[in-house]
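Student:
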Amino acid sequence: MAHPKRRQSKTRTRKRRTHDGAVAPTLAVCSTCGSYYVYHTVCPSCGTYRGKIAIVKETAE
């Protein structure tokens, strides 16, 4: 396996990694309850996915 002959500077490493920052997830509005949820996931408040019930949510008593 190849090894570098010289140490790579911090500046050069950071230039290469400038595009690797974290991105905030895209949120959508649930058509059933109106709350926000992450795309391509089940709505955490009502349990629907693409207009159909995916998870039966139990109410707290």
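Position 8 of the sequence shown, counted from 1, bears residue number 32 in the numbering used here, the numbering being contiguous throughout. Even glycine gets a Cβ: it sits at the ideal position worked out from N, Cα and C.
Suppose contacts are defined by Cβ-Cβ distances below 7 Å. Is residue 35 in contact with residue 56 by that definition?
Tutor: Here residue 35 is taken as the residue at index 11 of the sequence shown, counted from 1. Here residue 56 is taken as the residue at index 32 of the sequence shown, counted from 1. Not a contact, by the Cβ cut-off of 7 Å.
Student: My output table needs one value for residue 29: the three-state DSSP class, helix, strand or coil.
Tutor: Along the sequence shown, read from residue 1 onward, the residue named residue 29 stands at position 5. Correct three-state label for residue 29: coil.
Student: Using only the alpha-carbon positions, how far apart do residue 54 and residue 45 sit?
Tutor: Residue mapping note: residue 54 aligns to position 30 of the sequence shown, counting from 1. Residue mapping note: residue 45 aligns to position 21 of the sequence shown, counting from 1. Computed Cα separation, rounded: 28 Å.
Student: Based on Cα-Cα distance, which residue from 39, 42 and 64 lies nearest to residue 51?
Tutor: Along the sequence shown, read from residue 1 onward, the residue named residue 51 stands at position 27. The shortest Cα separation from residue 51 among 39, 42 and 64 belongs to 64.
Student: With H, G and I counted as helix, E and B as strand and the rest as coil, what does DSSP make of residue 76?
Tutor: For the purposes of this step, residue 76 is taken as the residue at position 52 of the sequence shown. It is a strand residue.
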